[in-house]
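All remarks here apply to the structure that follows.
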Amino acid sequence: MAETIIMTGNTAAAIAAKLCQVQVVAAYPITPQTSIIETLSQFIESGALKAEYVRVESEHSAMTVCISASTVGARVFTSTSSHGLLYMHEQLHWAAGSRLPVVMCCVNRGVGAPWSIFNDQQDSIAQRDTGWIQLYCRDNQEIIDTVIQAYRIAEEVYAPVMVCYDGFVLSHTMMPVCVPDTETVNSFLPPYKPHTFLSAEKPRNINPVIFPGMRHNSEGVLCDGYMEMRYKLQEALEKARDVIVSVGMQYAKLTGRDYSELLWRYKTEDAEILLTGMGSIATEATVAVDQLRQEGIKAGVVGIRAYRPFPRKAIQEALKNAKALIVLEKDISYGFEGALCSDIKAALYGTGLNAPLHNYIAGLGGRDVKAREIYEAVKTSLEDMKSKKAQNKTIWINCRR
Amino acid sequence: MHEIIWHGRGGQGVVVAAQILAEAAYLQGFKGVTSAPTFGPERRGAPLTASTRIADEPLRTFSQIEFADIAVVLDPSLLQVVDIQSSLKAGGLIIINTNLQPADIRLKAGLKLAVIDAVSVALKFHLLKEGAPIVNTPLLGAFARAAGLVSLTYLEKGLRKKLPPQVAAANSLALKTAYEETVMIGE
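These protein sequence lines are chains A and B, in that order.
Sequence positions in the first sequence follow my numbering and run 1 to 401.
Sequence positions in the second sequence follow my numbering and run 1001 to 1187.
Pasting the structure below:
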């Protein structure tokens, strides 16, 4: 029987990895992620989880161990944050390029300099183009559910999945989480059967130096070159959209919790003012929407679950009736605007939708983002948008300028 | 939504108190509960807060509490350090661990006050940690009495769920005694 337990986001992530019966865990401690791997190491030590915990001296090595273990056919898990993720950057490309179904939690934290242990999403956004699928969670229930779904997605698409959630705001906040029972998870997620793996019986050279053109192998077969492999990774991530949706629907059937879309919606049916964002900031925005609606303002929230692959069509459909758009995000692409904002605009290009759009950069380095502040920001934007000159703006919320 | 903020010092069990309250509220039937520590590094003896939110429906607010409905003060010396009364909503309740009488505490207009000598309750039941009295469970008893939000029965259940069995009995007695000894004014 599923059981509801009050727990932190990090406990939810660790329990999810245990339910998925991961076989190898390799991680290096970093705030605010550390309690995930502490919990997992206790599970392994007590025998509750039959897995090998590989201690490493860095995140770069942690990901290397995950890549190696996955290459020989194991289901692997790791987690990190901020500088740990940045230190892994090279190996993130190797994991994706090798098409390995590694699942990792990124407990989102700002990056230095200056030092900050607190939450924003600059760390995972900075890994956007590594070829990893990125899923963002809005609360602790979504953390446990998303990690479980991530293995199905990764093992079907053969691409690594990063499950991202806000450090402290979710990782250290306790709330009720319905934990699916082992039988349900087993029926949803069968043991990992890789289509190919490296073994001592069948030694091979994997990922050798590749030349610009395609080449014949020793058996005379014309093999993919670098570009073909890159094209296939791109195709895999494009295909991942349908996989995420179908996996989500199957999971919904088993648990009754809706994961049927690449996004989630709150009061969007008749909404004219649409707020979007990823993670807990979008959850907080739903409270602002309740307040706006009390004043007769038809506002709604479209929360982004999948950031890569980007839900182009779903966004076009969800935002098509918008008269004003508000994009809230905890990252910045320096010299331009928020990364999510750029992507949303790109997805809307050519659709004919030309609603005014205000991009709010918020909560960097853990600065608190309150529903009240989102509500006030929307009110200010709606007033501001009446002027033709202020149709498209980037605004730093709650920041001295 | 009810927002409760716990003021104490590192090592006093502030975070555990916030968790026990969330656990108890959920057991009592509130569907929305969260508890969170002050985010960031913690040091023994330094002022810190933890929070509990309680609501009928699942919560969607994870930001820090701006103005609380109820403030629980584990260490009375904090009243000189932190302007706790100003962080309360109008009509808010402040529950203080102190051996002073309510009349001896300067209270802002519109606030309600409850006091409990949590130290003497803790000592009565030999609740000590590293030589210092454990005041968090007596304050939960005072909370049950003064806030009228989560009942003593469910707080005891929450406490038994969070604490190891060997200490649950003494804590449970402290909870009940504090409930009886809580003094309130301002209603």
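By construction, the Cβ of each residue, glycine as well, lies at the ideal position given by its N, Cα and C atoms.
Please read these numbers as outputs of a predicted model, since none were measured by experiment.
- Using a Cβ-Cβ cut-off of 8 Å, A/Asp368 is close to Ser1063, Gln1064 of chain B, given in chain order.
- One thing to note: B/Gly1141 has its Cβ within 7 Å of the Cβ of B/Tyr1179.
- In the structure shown, the three-state DSSP call for A/Ser79 is strand.
- The residue from A/Thr268, A/Gln149, A/Ile210, A/Asp331 with its alpha-carbon nearest to that of A/Ala318 is A/Thr268.
- Sequence-distant Cβ neighbours of A/Gly225 in its own chain, meaning closer than 8 Å and more than five residues away, are Ile210, Phe211, Pro212, Gly213, Met214, Arg215.
- Residue pairing by DSSP places B/Leu1113 opposite B/Ile1094, B/Ile1185 in a beta bridge.
- Of the residues assessed, A/Ala113 falls on the exposed side of the cut-off, its CB having fewer than 16 other CB atoms within 10 angstroms.
- Close partners of B/Ala1050 in chain A (Cβ separation under 8 Å) are lacking, with about 10 Å as the shortest Cβ gap.
- As the crow flies, the alpha-carbon of A/Val163 is around 7 Å from that of A/Val103.
- Taking 7 Å as the cut-off, the beta carbon of A/Leu135 is found no closer than this to the beta carbon of A/Arg241.
- Every unbroken stretch of the alpha helix (DSSP H) spanning 4 or more residues and falling wholly within the segment 96 to 130 of chain A is given here in chain order: 122 to 125.
- In chain order, Met174 make up the part of chain A whose C-beta sits under 7 Å from the C-beta of B/Gln1019.
- Under the three-state reduction of DSSP, A/Thr184 is assigned to helix.
- Cα atoms of A/Leu263 and A/Ala74: separation of roughly 30 Å, rounded to the nearest angstrom.
- Annotation for A/Val56: no alpha helix (DSSP H) segment contains it, and DSSP assigns it neither H nor E.
- Short of 8 Å from the beta carbon of B/Pro1165, and not among the five residues preceding or following it, lies no beta carbon of its own chain.
- Fewer than three beta-carbon pairs drawn from the segment 83 to 100 of chain A and the segment 43 to 55 of chain A are found closer than 8 Å, and the two stretches are therefore not classed as touching.
- Beyond the five residues adjoining it in sequence on each side, B/Ala1090 comes within less than 6 Å, by CB distance, of Gly1110 in the same chain, given in chain order.
- Judged by DSSP secondary structure, A/Thr276 falls within the beta strand (DSSP E) whose first and last residues are 273 to 277.
- About 5 Å separates the CB atoms of B/Leu1027 and B/Lys1157; that is less than 8 Å, so the two are in contact.
- Shown here, B/Pro1058 sits in coil according to DSSP, grouped into three states, outside any helix or strand.
- Taking C-alpha positions only, A/Gly131 is separated from B/Thr1153 by approximately 53 Å.
- DSSP assignment within the segment 1100 to 1177 of chain B yields the following whole alpha helix (DSSP H) runs of 4 residues or more, N-terminal first: 1118 to 1124, 1136 to 1147, 1152 to 1162.
- Burial is judged here by how many other beta carbons sit within 10 angstroms of a residue's own beta carbon; B/Phe1067 has fewer than 16 and is exposed.
- Assigned with DSSP and collapsed to three states, A/His172 falls in coil, not helix or strand.
- Between the segment 384 to 398 of chain A and the segment 350 to 363 of chain A, the count of Cβ pairs shorter than 8 Å is three or higher; the stretches touch.
- When CB distances to chain B are screened at a threshold of 8 Å, the residues of the segment 263 to 294 of chain A falling below it are Ser280, Thr283, Glu284, Thr286, Val287, in chain order.
- For A/Leu348, the uninterrupted alpha helix (DSSP H) segment begins and ends at 339 to 348.
- Contact annotation: A/Val287 and B/Arg1053 have beta-carbon atoms that are not nearer than 7 Å.
- A straight line joining the alpha-carbon of A/Val243 with that of A/Ile153 spans about 6 Å.
- Considering only beta carbons, no part of the segment 138 to 151 of chain A lies closer than 7 Å to chain B.
- By the C-beta density criterion, A/Ile6 is buried, having at least 16 other C-beta atoms within 10 angstroms.
- In this structure B/Ala1046 is exposed. Its beta-carbon is surrounded by fewer than 16 other beta-carbon atoms within 10 angstroms.
- Neighbours of A/Leu170 in chain B, taken as residues whose beta carbon is under 9 Å from its own, are Phe1062 in chain order.
- With fewer than 16 other Cβ atoms from the protein chains shown falling within 10 Å of its own Cβ, A/Ser187 counts as exposed.
- Three or more beta-carbon pairs drawn from the segment 138 to 145 of chain A and the segment 7 to 17 of chain A are found closer than 8 Å, and the two stretches are therefore classed as touching.
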